[in-house]
Amino acid sequence: MVGLLVLTILPALAGLPLAFTRYNAIERPVWHGLQNFTELAGDDIFRIAVQNSLVFIAISIPLRIVAALGLSLLLSGRFRGVGLYRAAVYLPTVVPDIAWAVVWLWVLNPLYGPLNQLLAVAGVAGPAWTVEENSARAAIILMMGWQIGETFVICLAGLQDVPGELLDQSAVDGAGPWQTFRSVLLPSIAPVLLIVMFRDTIASLQTNFVPALIVGRDGGPNYATTYLPLYIYRNAFDYLRFGYAAAMTWSLIGLTGVVVYLQYRVAVHWRMGFRDAEV
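First residue of the sequence shown? That's 1267 in my numbering, and the numbers climb one at a time after it.
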């Protein structure tokens, strides 16, 4: 809690007054009023960055949760070597960003990368991952999906916390694996999945910075990999527009709050649907 306060909340609050100034880190800040936010409204690149970020979380979050939940279902039992498999799923999460960045540059190489070579074996022509717009977006989603270790651990803990009596009763009633999952496991871990969805949404809107730099160092091709964190960084440290970057940062915070609220409303209706079905 102290770390959250010192490293996140206080710096964000300190940056709020900066959003109303014109500041280049050389001269003193000059009061700018709402002009930074007015400029944001007409900034086409900012609009593209918002669209890219929303599309990213709309695709990547469900894929990450489905992959993590599927792996946790496979590895929730007790069998020989299960601990090793669980560690293998979690291991990519602890690898430093620069290390897996180098690995992904090799994997996505269109000429000799293993991914395109595997596609060639299957008779599929591999794309130029860092050149084409859609393939560049797909590459970033693929890279972010690689690090699902924390989501996997949370889902695994949720599954192991499901009372055994519910599973035994389901087996006595003659329910198959799919019916047990849909009627017992999924409703039981729904609160866990909700927390995971909130957490991954907040994290994904902030952590696609490194893969965006890997695929397109300038946010290309054609701004396809320009996400809000990258655009904020560019304005702050490349163009020395710290006031404008602060305005974008608070816009990102507001966007995150809106997305999480909408997810919460959808989740509430989803849970109500489960309860009605049970009744």
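By construction, the Cβ of each residue, glycine as well, lies at the ideal position given by its N, Cα and C atoms.
The Cβ atoms of L1494 and A1315 lie closer than 8 angstroms to each other. Every alpha helix (DSSP H) stretch that sits fully inside the segment 1397-1433 and reaches 4 residues is listed by chain position as 1399-1411, 1415-1426. Comparing C-alpha distances from V1419 to each of M1514, F1464, I1275, L1339 shows the shortest one belongs to L1339. Inter-residue distance for T1304 and L1357 is about 44 angstroms (C-alpha atoms, whole angstroms). Proximity of the segment 1397-1413 to the segment 1325-1345 meets the contact definition, three or more beta-carbon pairs being nearer than 8 angstroms.
In terms of CA proximity to L1371, V1397 leads the group V1397, L1350, T1417, V1355.
A distance below 7 angstroms between beta-carbons, with the five flanking residues on each side excluded, links P1380 to the following residues of its chain, in chain order: V1373. The continuous alpha helix (DSSP H) containing L1329 extends over residues 1310-1340. With distances taken between CA atoms, S1470 lies nearest to M1410 out of R1294, M1410, G1336, T1287. Under the three-pair Cβ rule at 8 angstroms, the segment 1487-1504 does not count as touching the segment 1442-1449. Look at R1288 here: in three-state DSSP terms it is strand. Going by DSSP, E1305 is part of the alpha helix (DSSP H) stretching over 1301-1307.
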